[in-house]
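Peer 1:
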Amino acid sequence: MRLFCSIPGMLISLLGVLLQTTALPLQAFDPRPDALATPPRPDAADAFFQSGEIPLIQIQIPPAGIEKLRRNGREDVKATVRDGDTEYADVAVHLKGAAGSYRGIDDQPALTLNFDKYREKQRFRGLDKLHLNNSVQDPSYLTEMICGDLFIDAGVPAARTTHAIVELNGRKLGLYVLKEGFNKILLKRFFKDPRGELFDGGFLRDIDQPLDRLSGEGELGEKAIQRLARACEISDRKERLAAMEQVLDVDRFLSFLAIEALTWHWDGYFMKRNNYRLYCEPTSGRLVFLPHGMDQMFWSPRGSIQPGAEGLAAISSLEIPELKSRYRARAAWISTNLFTAERIGSQIRKVSERIQARVQPLDPAHARELAGATRGLLRQVQARAEFVEQTLTRGGLKLLALKPGEESPLRDWKPRCDSGQASLIQTSEAGKPVLSIEVNQAESGPDGKLACLASFRKTILLAPGQYDFLGRIRTDGLEAVETSARGLGAGLRLAGQRRALGLTGNQDWQEVRCSFEITSDEAGEVELICDFRAVRGKASFDLDSLRLQRKASAQP
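In terms of the working numbering, the sequence shown opens at residue 356 and continues consecutively.
1) Do Val794 and Arg891 have their C-beta atoms within less than 7 Å of each other?
2) Which runs of the alpha helix (DSSP H), 4 residues or longer, sit entirely within the segment 518 to 599?
3) Determine the extent of the alpha helix (DSSP H) in which Ile792 is found, giving its start and end residues.
4) Say the cut is 6 Å; is the CB of Arg592 nearer than that to a heavy atom of the ligand MN?
5) By a C-beta neighbour count over all protein chains shown, 10 Å radius and 16 as the cutoff for buried, is Arg723 buried or exposed?
6) Return the residue from the list Ala664, Gln776 and Ser659 that minimises the CA-CA distance to Glu744.
7) Specify the secondary structure class of Ala850 as computed by DSSP and reduced to three states.
8) If you reduce the DSSP assignment to three classes, tell me which class Val736 lands in.
9) Measure how close the beta-carbons of Ile884 and Arg848 come, nearest whole angstrom, since I'm counting them as under 8 Å.
10) Distance, Cα to Cα, Phe608 vs Pro716?
11) Suppose you measure from the CA of Gly491 to the CA of Lys906; what does that come to, to the nearest Å?
12) Nearest by alpha-carbon distance to Arg474: which of Asp462, Tyr457 and Glu442 is it?
13) Return helix, strand or coil for Trp864, following the three-state DSSP convention.
14) Can you tell me whether Ser810 is buried or exposed? The criterion is at least 16 other CB atoms within 10 Å of its CB, across all chains shown.
15) Do Asn427 and Ala465 have their beta-carbon atoms positioned less than 7 Å apart in this structure?
16) Examine the Cβ distances between the segment 582 to 602 and the segment 467 to 482 and report whether three or more of them are shorter than 8 Å.
17) Would you list the residues sitting across from Lys769 in a DSSP beta bridge?
18) Tell me whether Arg986 sits in a helix, a strand or coil according to DSSP, three-state version.
19) Thinking C-alpha only, which one of Leu530, His647 and Phe546 is nearest Phe558?
20) Along the chain, where does the beta strand (DSSP E) containing Ile409 start, and where does it finish?
21) Could you check how far apart the C-beta atoms of Gly346 and Asp897 are, in whole angstroms? I think they sit under 8 Å.
22) Does Gln715 come out as helix, strand or coil in the three-state DSSP assignment?
23) Mark Pro410 as exposed unless 16 or more other C-beta atoms lie within 10 angstroms of its C-beta, in which case mark it buried.
24) To the nearest angstrom, how far is it from the Cα of Lys627 to the Cα of Ala785?
25) What are the boundary residues of the beta strand (DSSP E) that includes Arg641?
26) In the DSSP output, which residue or residues are listed as bridge partners for Cys885?
27) Using only alpha-carbon positions, find the residue among Leu468, Leu732, Gly529 and Val436 that is nearest to Gln655.
28) With 16 other CB atoms within 10 Å as the buried threshold, where does Ser839 fall?
29) May I have the straight-line CA-CA distance separating Pro788 from Asn538, to the nearest angstrom?
30) With distance defined between alpha-carbon atoms, name the residue in Val736, Leu817 and Gly573 nearest to Leu757.
31) With three or more beta-carbon pairs closer than 8 Å as the criterion, would you say the segment 817 to 836 touches the segment 857 to 870?
32) Just how far apart, CA to CA, sit Leu901 and Arg766?
33) Work out the CA separation of Ala687 and Pro380 for me, nearest whole Å.
34) Considering only residues of the same chain and omitting the five flanking positions on each side of Gly666, which have a CB-CB separation below 7 Å?
35) Should the segment 615 to 623 be called in touch with the segment 525 to 535, which here means at least 3 C-beta pairs below 8 Å?
And the structure:
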């Protein structure tokens, strides 16, 4: 069986790569974000978001509107919305969500409410537009708020978030994440001129592709995006930096990238060229990236501080030695002053307490699920913060230098269980060492499917080149999970990548291969994974067979 893991762009060790570059010393940079000098402007919605209140929002849609949404959920219908004693008429409502979160109107739909589309200047607690997210991909209902606040605290424009209890035509839908819309009310908080062009990155679209306009008129924004895309392609790095600085708020962009990496926003712009907004400030003509879709965070506590980039602006920026150094300084400043387990954990516990007080009387079963999910999130944040601190203070990984055709055994694997309960041990079979993973108990994930997700992991630093990660695997009674973004059954892979195939059932020892390439001109940090994704059963990894091999020559 052959598994291929292609890594676009580059995987760079945040610290190790600095040993091989001629970047300016970190002391030359003030690591604090420039935007901290101009905090968000207060507005009429501040009182609502700061109060911690979780209101009951009752939505009434006429039968004709329900039928219309069944046919086309993206089309607006008129609704009446009640918030306590206040009633709002002619509110535009449509369904929202991407592939993982979209639900039909008869299910638990995510909704967008526009209060002033049909009634000018109608406001809900200071907002003219808001989103009600069903949080099907975040069982804690917390990551959108926690991470959004982190971006704001670092000077990156982001939407404010709180919670609500929602009823639709008398049907109790329960707890929702309430998020302000991306419009001029949001833009006024962060920019002197909110009349600029705001663009939606859409699904897996980068700046070298047409983006959907959300607001604003004219051509300044579109031309700025085109100029940024061209700047990213300039081969001379000094010229590239000069061109990018003319059209991109580089300082804010470094904060944006650092927080996406620290919170492991794997589905964001940095790692996936997805889930972002782009605003062109009319005064300066520069572009600012805004985060979006933060409901799948902290999934890889030991993910690289500078992960493999897919966003064109991210790749092009971090190829420039000066920006690489500034990125490291910014990540270190944020991890010290904002991204700490104590600070984020305190916020999680505070918000969780008020959610529990609101949900427990209404739905005790859901309150228990929320409590469990919150404990899981706290563990993830703690593990991530510890790893970040260790990475930023350890002085970098030692380069594993392999000549073409040479191989090295892989030892010192670290066990990890991300879901369910598993036995992860190093044992011996016929006198040979074996890494063993066996399901003790699978648990239900956000999609309701049972899963036990466990692994042995090892992080190494490699020179550019083509490599094979190899090893022998055996499975005993292994029943794979129904679906998984990273692959099924047992196999070998790299962090952030998907396995094409996996071993299941009862399989005798088989050699498995994961091929990958580091394509940049600098050393790359990779996390190798002996992967296990099952409902029940066992997988064994022959420790003596686990090895890394550098290919003798480039292969087509």
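Glycine included, each C-beta is placed from N, C-alpha and C at the ideal position. As the structure is a prediction and not an experimental result, all values here were calculated from the model.
Peer 2: On the basis of the supplied data:
1) For the purposes of this step, residue 794 is taken as residue 439 along the sequence shown, with counting starting at 1. For the purposes of this step, residue 891 is taken as residue 536 along the sequence shown, with counting starting at 1. Yes.
2) Fully contained in the segment 518 to 599 are the following alpha helix (DSSP H) runs of length 4 or more, in chain order: 539 to 545 and 575 to 587.
3) By 1-based counting over the sequence shown, the position of residue 792 is 437. Segment Lys787 to Gln796 is the beta strand (DSSP E) holding Ile792; no alpha helix (DSSP H) there.
4) Looking at this structure, you won't find the ligand MN or any other ligand, since it has none at all.
5) Within the sequence shown, residue 723 is the residue found at index 368, counting from 1. Exposed.
6) Locating residue 744 in the sequence shown gives position 389, where the first residue counts as 1. Taking only the C-alpha atoms, the option nearest Glu744 is Ser659.
7) By one-based count along the sequence shown, residue 850 stands at place 495. Three-state DSSP puts Ala850 in coil, outside helix and strand.
8) On the sequence shown, residue 736 is found 381 positions in, with the first residue counted as 1. Here Val736 sits in helix by DSSP.
9) Here residue 884 corresponds to residue number 529 of the sequence shown, with the count starting at 1. Here residue 848 corresponds to residue number 493 of the sequence shown, with the count starting at 1. Between Arg848 and Ile884 the Cβ distance is about 5 Å, and since that is below 8 Å, they are a contact.
10) Here the question's residue 608 lines up with position 253 in the sequence shown. Here the question's residue 716 lines up with position 361 in the sequence shown. A direct Cα-to-Cα measurement between Phe608 and Pro716 gives close to 43 Å.
11) Start at 1 with the first residue of the sequence shown, and residue 491 comes out as number 136. Start at 1 with the first residue of the sequence shown, and residue 906 comes out as number 551. In the sequence as displayed, the identity of residue 491 is Val instead of Gly. When rounded, the distance between both Cα atoms is 43 Å.
12) For this step, residue 474 is matched to residue 119 along the sequence shown. Per the Cα distances, Glu442.
13) What you label residue 864 is simply residue 509 of the sequence shown in a count that begins at 1. In the structure shown, Trp864 adopts extended strand secondary structure according to DSSP, grouped into three states.
14) Your numbering for residue 810 matches position 455 in the sequence shown. It counts as buried.
15) For the purposes of this step, residue 465 is identified with residue 110 of the sequence shown, where counting begins at 1. For the purposes of this step, residue 427 is identified with residue 72 of the sequence shown, where counting begins at 1. Contact annotation: Ala465 and Asn427 have beta-carbon atoms that are not nearer than 7 Å.
16) The segment 582 to 602 vs the segment 467 to 482: no contact.
17) Taking the sequence shown and counting its residues from 1, the one referred to as residue 769 is at position 414. Answer is Arg812, bridged to Lys769.
18) There is simply no residue 986 to check, as the chain begins at 356 and stops at 911 in what is shown.
19) Here the question's residue 558 lines up with position 203 in the sequence shown. Residue nearest to Phe558 within the set Leu530, His647 and Phe546 is His647 (criterion: CA-CA distance).
20) To locate residue 409, count along the sequence shown from 1; it is residue 54. Segment: none, Ile409 is in no beta strand (DSSP E) and carries neither H nor E.
21) Since the displayed the chain opens at 356 and closes at 911, residue 346 lies outside it and no answer follows.
22) Along the sequence shown, one-based indexing puts residue 715 at 360. DSSP places Gln715 in coil when its eight states are reduced to three.
23) Here the question's residue 410 lines up with position 55 in the sequence shown. Buried: at least 16 other Cβ atoms inside 10 Å.
24) Looking up residue 627 in the sequence shown gives position 272. Looking up residue 785 in the sequence shown gives position 430. One alpha carbon belongs to Lys627, the other to Ala785, and they sit about 44 Å apart.
25) The sequence position of residue 641 within the sequence shown is 286, counting from 1. Per DSSP, Arg641 lies in no beta strand (DSSP E) segment and is marked neither H nor E.
26) Counted from its first residue, the sequence shown places residue 885 at position 530. According to DSSP, Cys885 bridges with Phe811 and Leu847.
27) Taking the sequence shown and counting its residues from 1, the one referred to as residue 655 is at position 300. Going by the sequence as given, residue 655 is Ser instead of Gln. Ranking the options by Cα distance to Ser655, first place goes to Leu732.
28) Within the sequence shown, the letter at position 484 stands for residue 839. By the neighbour-count rule (16 or more Cβ atoms within 10 Å), Ser839 is buried.
29) Indexing the sequence shown from 1 puts residue 788 at position 433. Indexing the sequence shown from 1 puts residue 538 at position 183. Taking the straight line from one Cα to the other gives about 59 Å.
30) On the sequence shown, position 402 is the one that residue 757 refers to. Checked all of Val736, Leu817 and Gly573; the closest Cα to Leu757 is Leu817.
31) With the cut-off at 8 Å, the segment 817 to 836 and the segment 857 to 870 touch.
32) Position 546 of the sequence shown holds residue 901. Position 411 of the sequence shown holds residue 766. Rounded to whole angstroms, Leu901 to Arg766 spans 8 Å at the Cα level.
33) To locate residue 380, count along the sequence shown from 1; it is residue 25. To locate residue 687, count along the sequence shown from 1; it is residue 332. The predicted position of Pro380 is uncertain, since its pLDDT is 36 and thus under 50; no value can be drawn from it.
34) Within the sequence shown, numbered from 1, the residue matching residue 666 stands at position 311. So the list reads Asp561, Tyr624, Phe625 and Arg628, once near-sequence residues are dropped.
35) Contact annotation: the segment 615 to 623 does not touch the segment 525 to 535, with fewer than three C-beta pairs closer than 8 Å.
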